[in-house]
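These notes concern the structure reproduced below.
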Amino acid sequence: MEITGIITALIIGAVIGALGRLVLPGRQRISFLLTIAVGIVAALLGTLLATVMGVAETRGIDWIELFIQIALAAIGVGIVSAAVGRR
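Residues are numbered in this note's numbering as their position in the sequence shown, beginning at 1, plus a constant of 4.
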């Protein structure tokens, strides 16, 4: 993986994490860096899941893959927020 791939993953992870955070109601008490980390993991897992389901490669924007990634990010942000909030 080249440096441009890493930078792209960070940017997409930040966007996916932010969108996942917006989907959840209420306030999440986690840092922006933790949101990015959750977004990166959600983006990777969402791509893997979309590939397994056979919907990763479509013409135009991969809306199904994007929806899966955002849903996973929302779940991840909710779990991390609950775990951090207990401390």
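Virtual Cβ for every residue (Gly too), placed ideally from N, Cα, C.
These figures come from a predicted structure and were not determined experimentally.
At the C-beta level, G24 and T39 come within 9 Å of one another. Put simply, of V81, V88, A86, S85 the residue whose alpha carbon is nearest the alpha carbon of I20 is V81. Closest in C-alpha terms to G50, from the list I83, F71, L26, comes F71. Contact check for I44 and L14: beta-carbon distance about 7 Å, within the 8 Å limit, so the pair qualifies. Between G17 and A47 a beta carbon distance of about 5 Å is seen, short of the 8 Å cut, so the two are scored as contacting. Taking the C-beta atoms as reference points, D66 is found no nearer than 9 Å to V56. Of the other Cβ atoms in all chains shown, fewer than 16 fall within 10 Å of the Cβ of L52; this residue is therefore exposed. Annotation: I10 to G30 spans about 31 Å, alpha carbon to alpha carbon. Secondary structure at E61: coil, using DSSP grouped into helix, strand and coil.
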